[in-house]
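If you read the protein sequences in the order shown, they are chains A and B.
Straight run, no breaks: the first sequence in the numbering used here ends on number 326.
Straight run, no breaks: the second sequence in the numbering used here ends on number 1713.
Backbone N, C-alpha and C define an ideal beta-carbon position, used for all residues, glycine too.
The model shown is predicted, which means the values in this text are computed figures rather than measured ones.
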Amino acid sequence: MQPFEYANPTTLQEALGMLGNRWGETYVLAGGTDLISLMKEYIETPKRLVNIKGIKELGGIQSTKTGLRIGSTVTVEELLDHAEVRKSFPALTEAARGISSPQIRNMGTVGGDLCQRPRCWYFRQGFGLLAMKDGKSLVPDGENRYHAILGNGGPAYFVSASSFGPALVALGAKIRLASASGHREVAASKFFVTPQNENAREIALLPNEILTEIIVPHEGTKNATYEVRQKQALDWPLAAASVALKMKGSTVSSARIVLAHVAPTPWEATEAGKALDGKAVTPESAEEAAKAALADAKPLSGNGYKVQLARVAVKRALLEAVRARG
Amino acid sequence: MPDAPNYSWPPMEKRRVLGKSTKRVDGPIKAAGRAKYSSDFTQKDLLHGALLTSPHAHARVTSIDTSGAEKLPGVTAVRVIASPGTELMWAGQEVASVAAETEEIARDATRRIKVQYEVLPHLVREDDLKKAGVRAKAAGEQVKGDPDKAFQEADAVVEGHYGIPVITHCCLESHGNVVEWKGDKLNLYPSTQNASGIGGDLSQNLKVPASNVHTNMQYIGGGFGSKFAADLWGVEAARLSKASNGRPVKLFLDRATELMMAGNRPSAYANIKVAAKKDGTITAWQSESWSTGGIGGGGSPPIPYVFDVPNQRKNHTAVSTNCGGVRAWRAPNHQQACYLTNTAFDDLAAKLNMDPLEFYDKNLGLTPRAEVYRAQMRKGAELIDWQKLWHLRGQSGSGTVKRGLGLAMSTWGGGGHNSQCRTTIHPDGTVEVELCSQDLGTGTRTVITMVAAETLGLPLGAITLRIGDSSLPPSGASGGSTTVGGVSSSTRKSTVNALAKLFDAVAPTMGSSADQLEAVDGRIQVKGDSSKSLTWKAACQKLGVNKISEMGENNQRNPGGLNSSGVGGVQLADVSVDTETGLVKIIKAVAVQDVGLVINPKTSESQIHGGCIMGICAALMEERIMDQQTGRMLNPDMEFYKIAGIGDIGEIIVHLDITPEHDKRGVVGLGEPAAIALLTAIANATANAIGVRVPEIPLTPDRVLAALERRNA
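This is how it looks when you write it as structure tokens:
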């Protein structure tokens, strides 16, 4: 690991003043569960780390007029244990439960989950975010069993690793970012972006910004997350889905269905959501929606099975949403 | 001439310590985190070593410039291992090494070594034999009986493809050591399965007398067959230490390097054809098999396994790949042989619509221990509720989640390695038992202590055991499940010899003769007359200033009835398969093991649990994933090199086949046999559940769903 400076500010303003305008020089450190391993592998070699865990205002979960406010340094475990989250946003609780290492739940933060880098094994072995070698991505002809089946027209083939991103998109959440010059608010659905070149990032956060909080609106949805994962112990989902349903009686008035671990970003299946309008969620309608959600999937040489897994995730998430609070 | 002492094990009914489930003597110190493993070693002047390894699967070094590393503050030594002109055969092969004041500096320094490579063509995948070209070397056809006639006359023939991938050892404690020079002598603190022998291996590499190396290892975090030699990291640490004025150098591999460099289990793939009569009698076997164990090829599984099929035709091809080399992996070649054989047989039984229990029973005459297996299958069937739960292949009802049962059989050698033990009885009553063996976490400390306590009539706490130090009497390496046989026998002999000396010393004062004395419950007494007795302490005081120090030796070739080899085992699995996701879960695993004389049922069962867990990992998730484009291993980490956690294990039931008949054979090791059959039983249970064979393990969702798709097509 390359030597680096370490700063431990106690206010947001102080922290923001320490950031720079270029990636690769100064990084924000929260739980460190991803950043430290990236540094140990020399994928990231920052000159300075700014620890934000000492900044009080970035912690805590509160109910506000606009919705539930989740501070960016709230740990996965704190979110998992939060009664109101559990009651109103089981999609988030289930996503937190899927992070199945107690060590990571205790160290890792909600903000860190949203900002973590992809797990693509070519990226992690130093071939770059887009895994380019001799002007061509290694993924399509390589080992792509865990790669994207949607949004994979290139040049990005990795899947977004965020556990909370898909649920936050489904719940219509807003993400607040601060810089020395002020604050801005980005819809969760706009926070994740597909990079078009090696120097671009997979999130909307800029190098001089800190993710401060997340606002989850109280929309009274039935919501759920379902992950298809091989191991109960520490493992990544092979595919997952988060859904949030606004109901009119026993029928759906509007549905947001978001697929996870299948595309470079959380992937909203807009058409599949519309297909549920005015219908009750039944095994049959859930199956139809699941099919529609994957209609555009274009698997690579080794990941066709993920289409089926993602379908199952959508179907089971929908059924879980109406079962859980139904 | 006095009679030769009687070393034989006490009769089953008279044992006070042996055969009683006993907690490990090192449990508390391990649970408290106070057990010091070699990777915990630290001292003030400790240096850290790191390796630079090849990023290419096949390349020639054209130039190497170490000046950048040498200039980095904190670096004490930089060594070139692969000088210009060296051909590197796999990604992960060593190129240079560095010693520095901290681990971080050492690793940073390796990145400042500038190496230029001429990249050469590579092959890192062997699953498709057609792509192996000249890298594939067939051993030649072996024929037995008349396979053509037997296939012609058969009532049922099945043909199938089966495959089991390369996996690594993935020891919790990675490979490595601390080495320091003291003048012309070396201290070695390794993580090894071979505490007595590793120093000699290091000394040969360094060209110093073996007696100049002192080895000490108290605890090891797993070896599984991959930690016998001094290895590159031992030799490099010694050379870096020498180049750093003898300061101790700690060189442990990081996880990525360990998974690429420190050994693996060869793969095995095969196209197999088997035949049987209508009644299930197996008549013919034909196989075209291939495997890789790295650049040297390697891995020829003994198929057909356990069953001596009368008519056979087989040919095995070794594929040389640009990958790290093979090492012994808990029961070398047996998992592969078990998988290739028992999957094909299971498919044959399914084709005949036969219950595998009945099918195997029919063919046990082809095995060397029919009655042992027959009894084990009966016991295993009872423990897994086979009669109630078994169904014809694929007949698991209409739900999404299917359930199935499967079984497989294994065999192993064992025996006891060469071992010398010294027992010292001091005049104050303290007892030391000393031998340079090693406890791999299997319970070796505990069984040695139990044997000494049994012989001397003392509680476990009265025995001070010293192991893991090369100044003690030597014991063999822990390989081939030979440790427990070796150390229990040498300990038995040494403690019997020491006790005989004590009897000689105290008999006159007790008005008796030595052959009339016995050691029971902390006393020396006249046999059958507890009124004539001395406490252990009082007896030892009679030694005056003299201590007793007696050796005992196990000779591998002449175990004298104390240990033996050759066991069978049956393992069974009950699994559920979600046919929508292809996820296989273990409901229950059953292991029935033939074990000889069991010294400690608790640690024996624990060994078998460990073997079963390795079987579950191998069956469901574990594989080395190689990328032909980059020549790299893509999962040299604990994230995608998947190992089961507690929630993935299900219920494991162990039945030790303890019978007077097995007991008479003496002590038999069981580390290896426990780790053979379960992965195959799980594969067979999965086929039983979903109605179709998943040809290659691990049984990941992609493979299971692909098999289901073929079934439905």
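Rank the options by C-alpha distance to the C-alpha of residue i and give the top, closest one.
| i | options | result |
| --- | --- | --- |
| residue 1180 of chain B | B:1172, B:1249, B:1279, B:1138 | B:1249 |
| residue 1094 of chain B | B:1103, B:1107, B:1080, B:1105 | B:1080 |
| residue 1629 of chain B | A:56, A:144, A:82 | A:144 |
| residue 1196 of chain B | B:1664, B:1495, B:1436 | B:1436 |
| residue 196 of chain A | A:130, A:7, A:242, A:57 | A:130 |
| residue 1580 of chain B | A:140, A:284, A:315, A:119 | A:315 |
| residue 978 of chain B | B:1412, B:1406, B:1463, B:1442 | Within the shown structure, residues of chain B are numbered from 1001 to 1713, placing residue 978 of chain B beyond reach of any answer. |
| residue 971 of chain B | B:1385, B:1541, B:1568 | This structure cannot settle anything about residue 971 of chain B, because the visible part of chain B is limited to 1001 through 1713. |
| residue 125 of chain A | A:77, A:290, A:38, A:258 | A:38 |
| residue 274 of chain A | A:261, A:256, A:262, A:280 | A:256 |
| residue 1352 of chain B | B:1673, B:1410, B:1205, B:1276 | B:1276 |
| residue 1474 of chain B | B:1480, B:1486, B:1096 | B:1486 |
| residue 1009 of chain B | B:1665, B:1575, B:1255 | B:1665 |
| residue 1684 of chain B | B:1632, B:1533, B:1105, B:1572 | B:1572 |
The beta strand (DSSP E) that contains residue i, what's its start and end?
| i | result |
| --- | --- |
| residue 1421 of chain B | 1419-1425 |
| residue 1018 of chain B | Segment: none, residue 1018 of chain B is in no beta strand (DSSP E) and carries neither H nor E. |
| residue 1187 of chain B | 1185-1190 |
| residue 1290 of chain B | 1282-1291 |
| residue 1517 of chain B | 1517-1520 |
| residue 1654 of chain B | 1651-1656 |
| residue 1146 of chain B | It is not in any beta strand (DSSP E) - residue 1146 of chain B carries neither H nor E in the DSSP assignment. |
| residue 1260 of chain B | Looking at the DSSP string, residue 1260 of chain B is not in any beta strand (DSSP E); the run it does join, the alpha helix (DSSP H), is 1255-1261. |
| residue 1360 of chain B | Premise fails: residue 1360 of chain B lies in the alpha helix (DSSP H), 1356-1363, not in any beta strand (DSSP E). |
| residue 1409 of chain B | 1401-1414 |
| residue 1099 of chain B | 1094-1100 |
Going by other Cβ atoms of all chains shown within 10 Å of its Cβ, with 16 needed for buried, is residue i buried or exposed?
| i | result |
| --- | --- |
| residue 1342 of chain B | buried |
| residue 1135 of chain B | buried |
| residue 326 of chain A | Summary for residue 326 of chain A: the model assigns pLDDT 40, below 50, so the residue's position carries little reliability, and this model does not support an answer. |
| residue 1392 of chain B | exposed |
| residue 1638 of chain B | exposed |
| residue 327 of chain A | Summary: the structure shown does not reach residue 327 of chain A, with chain A confined to residues 1 through 326, and so no result is reported for it. |
| residue 1087 of chain B | exposed |
| residue 1511 of chain B | exposed |
| residue 190 of chain A | exposed |
| residue 1083 of chain B | exposed |
| residue 106 of chain A | exposed |
| residue 283 of chain A | exposed |
| residue 1273 of chain B | buried |
| residue 1575 of chain B | buried |
State the start and end residues of the unbroken alpha helix (DSSP H) segment that holds residue i.
| i | result |
| --- | --- |
| residue 1387 of chain B | 1386-1389 |
| residue 1231 of chain B | 1231-1243 |
| residue 1670 of chain B | Here residue 1670 of chain B belongs to no alpha helix (DSSP H), and DSSP marks it neither H nor E. |
| residue 203 of chain A | Counting along the chain, residue 203 of chain A falls outside any alpha helix (DSSP H), and DSSP gives it neither H nor E. |
Can you check the segment 230-284 of chain A for any alpha helix (DSSP H) of at least 4 residues that lies completely inside it and give the ranges in chain order? Here the runs fully enclosed are 270-275.
How about the segment 204-220 of chain A and the segment 234-241 of chain A: do they share at least three Cβ pairs that are nearer than 8 Å? Too few Cβ pairs lie closer than 8 Å, so no.
When the Cβ atoms of the segment 1231-1250 of chain B are set against those of the segment 1169-1183 of chain B, are three or more pairs found closer than 8 Å? At 8 Å Cβ cutoff, the stretches touch.
Three Cβ pairs or more, each shorter than 8 Å: is that satisfied between the segment 1596-1607 of chain B and the segment 1016-1034 of chain B? The way I'd put it, the segment 1596-1607 of chain B does touch the segment 1016-1034 of chain B; three or more beta-carbon pairs between them come closer than 8 Å.
Is the segment 1109-1117 of chain B touching the segment 1310-1324 of chain B in the sense that three or more CB pairs, one from each, lie closer than 8 Å? The segment 1310-1324 of chain B vs the segment 1109-1117 of chain B: no contact.
Answer yes if the segment 1463-1479 of chain B comes into contact with the segment 1637-1654 of chain B, meaning at least three C-beta pairs across the two stretches below 8 Å, and no otherwise. Verdict: no, contact absent.
Check whether the segment 1392-1403 of chain B touches the segment 1470-1481 of chain B, taking contact to mean three or more Cβ pairs, one atom from each stretch, closer than 8 Å. These segments do not touch.
Touching or not, the segment 1318-1336 of chain B and the segment 1259-1277 of chain B, by the rule of three or more beta carbon pairs under 8 Å? Taking a cut-off of 8 Å for Cβ pairs, the segment 1318-1336 of chain B and the segment 1259-1277 of chain B touch, as three or more such pairs fall below it.
Suppose only complete runs of 3+ residues qualify. What are the beta strand (DSSP E) ranges in the segment 1502-1553 of chain B, listed by chain order? Entirely contained in the segment 1502-1553 of chain B, the beta strand (DSSP E) runs reaching 3 residues are, in chain order, 1517-1520, 1523-1526, 1529-1535.
Does the segment 1486-1504 of chain B come within contact of the segment 1439-1456 of chain B, defined as at least 3 CB pairs closer than 8 Å? Judged by Cβ distances under 8 Å, the segment 1486-1504 of chain B makes contact with the segment 1439-1456 of chain B, as three or more pairs qualify.
Would the segment 1216-1236 of chain B and the segment 1192-1206 of chain B be scored as touching if the rule is three or more Cβ pairs under 8 Å? Enough Cβ pairs lie closer than 8 Å, so yes.
Please give the ranges of any beta strand (DSSP E) in the segment 1576-1655 of chain B, keeping only runs that are unbroken, at least 3 residues long and fully inside the region. The beta strand (DSSP E) runs of length 3 or more contained entirely in the segment 1576-1655 of chain B are, from start to end of the chain, 1583-1593.
Segment contact, 8 Å Cβ cut-off, at least three pairs: the segment 1361-1371 of chain B with the segment 1164-1172 of chain B: A contact is defined here as three or more CB-CB pairs under 8 Å, and the segment 1361-1371 of chain B fails this definition with respect to the segment 1164-1172 of chain B.
Runs of 3 residues minimum, wholly inside the segment 1422-1454 of chain B: which ones carry the beta strand (DSSP E) assignment? Taking only runs of at least 3 residues, the beta strand (DSSP E) segments lying wholly in the segment 1422-1454 of chain B are 1431-1434.
Below 8 Å, can you find three or more Cβ-Cβ pairs linking the segment 43-56 of chain A to the segment 6-19 of chain A? With the rule of 3 Cβ pairs closer than 8 Å, the segment 43-56 of chain A counts as touching the segment 6-19 of chain A.
Quick check on the DSSP output: what are the complete beta strand (DSSP E) runs of length 3 or more inside the segment 45-107 of chain A, in order along the chain? You should have 48-51, 61-63, 68-71.
Can you confirm whether the segment 244-264 of chain A touches the segment 157-167 of chain A when touching is taken to mean that 3 or more C-beta pairs between the two stretches lie within less than 8 Å? Yes, they touch.
Quick check for students: name the residue ranges of the beta strand (DSSP E) that lie wholly in the segment 1292-1348 of chain B, counting only runs of 3 or more. Every unbroken stretch of the beta strand (DSSP E) spanning 3 or more residues and falling wholly within the segment 1292-1348 of chain B is given here in chain order: 1311-1319.
Below 8 Å, how does it come out for the segment 194-210 of chain A and the segment 1559-1566 of chain B: are there three or more Cβ pairs, yes or no? The segment 194-210 of chain A vs the segment 1559-1566 of chain B: no contact.
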